[in-house]
Every structure is written in C-alpha cells, then in structure tokens.
Amino acid sequence: MKPAPKFKKKNKNQEQEPQEVRIRTPKGREVIGTVTQRLGGSRMNVACMDGKIRICRIPGRLKKSLWLREGDVVLAEPWELSSEKGDIVWKYTKTQVMALKNKGFFKNLTEFEEF
C-alpha cells in the first residue's frame with residue numbers, strides 16, 4: 146500500500162483568485178511619505194503627502210527591525226510640539242504601495258509613479 150501524500154498537489158489548470166492585501170492606512174495625524182535622504186543616527190528627511198518635508202526618526206522599539214533606504218514609502222506621525230519633526234511608524238512594501246495606489250491614496254502625485 147502506498148502511504149497518503151503529506152502535501153496536497155495543486156491543480157495547474159485551476160485559476161488563482163487575486164488575494165486581498167491587508168494594508169495599514171493612515172489614522173489620526175499619520176501621513177504617508179517617502180524617504181528622501183538619510184541623515185544618520187536613525188534620522189531621515191521624509192517628503193510627506195501634506196507638502197511638508199519633515200525630519201523623522203525611527204523610534205527605539207523599531208530600530209533593529211525597521212531598515213529603510215531612500216525612496217521607501219513610509220507612514221510618519223508628526224510630533225505634537227513641532228510639525229517639522231516626526232516618527233516613522235510603518236514601512237510599506239511594494240505590493241502594499243501598489244494596493245494603496247489602486248485605492249486612490251496617491252492621486253495627482255508624480256513622486257510615487259516609480260512604484
């Protein structure tokens with residue numbers, strides 16, 4: 146007797162349905178932006194969707210797990226005391242950026258066309 150297969154084989158002819166991507170959207174004071182320049186010391190310039198360029202930092206709880214480069218799309222939360230500074234709360238992946246673009250979060254922006 147043949148043992149039962151451990152894994153179920155996929156049918157090659159069966160079409161796959163597009164999966165829904167769960168995305169964190171801006172809540173409250175949070176703003177979507179792109180990293181324009183790294184300044185060092187876990188700080189960077191972020192061009193935000195509200196038209197401001199903020200100096201944002203990566204909080205201590207995210208320093209080791211969040212790696213950023215120039216051009217990454219992030220979710221930033223401006224400080225209450227100063228609107229020129231803020232914290233980076235989330236980094237979006239390429240698939241999440243495409244889904245946000247399809248939902249209409251990047252209307253009339255040429256900066257995000259490369260994604």
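So in this note's numbering, spot 98 of the sequence shown is number 243, and the numbers just go up one at a time. The beta-carbon is built from N, C-alpha and C at its ideal position, and this holds for glycine as well. Being a predicted model, the structure only gives us computed values, none of them experimental.
Buried/exposed call for residue i, threshold 16 Cβ in 10 Å
{"i": "E258", "result": "Note that E258 scores a pLDDT of 49, beneath 50, so its modelled location is shaky; the value from the coordinates is reported in the next line. The residue in question, E258, is exposed, as its Cβ has fewer than 16 Cβ neighbours within 10 Å."}
{"i": "R199", "result": "buried"}
{"i": "D217", "result": "buried"}
{"i": "G231", "result": "buried"}
{"i": "P148", "result": "exposed"}
{"i": "R202", "result": "buried"}
{"i": "T179", "result": "buried"}
{"i": "P204", "result": "exposed"}
7 Å Cβ cutoff met for residue i and residue j
{"i": "R169", "j": "W235", "result": "yes"}
{"i": "A221", "j": "I233", "result": "yes"}
{"i": "K209", "j": "S187", "result": "no"}
{"i": "C193", "j": "V219", "result": "no"}
Start-to-end residues for the alpha helix (DSSP H) that takes in residue i
{"i": "K246", "result": "239-248"}
Candidates the options: closest to residue i by CA position
{"i": "R167", "options": "V219, K252, L226, Q241", "result": "Q241"}
{"i": "R183", "options": "E215, G231, K208, D195", "result": "E215"}
{"i": "L211", "options": "W224, Y237, P223", "result": "Y237"}
{"i": "M189", "options": "L213, K248, P171", "result": "L213"}
{"i": "K172", "options": "K239, K246, P223", "result": "P223"}
{"i": "N247", "options": "E165, F152, K151", "result": "E165"}
Neighbour flag for residue i against chain D, beta carbons, 7 Å
{"i": "R167", "result": "Checking the listed chains, one finds no chain D in this structure; it contains a single protein chain."}
Segments assigned beta strand (DSSP E), at least 3 residues, entirely inside the region 166-237
You should have 176-185, 188-193, 198-202, 218-223, 230-236.
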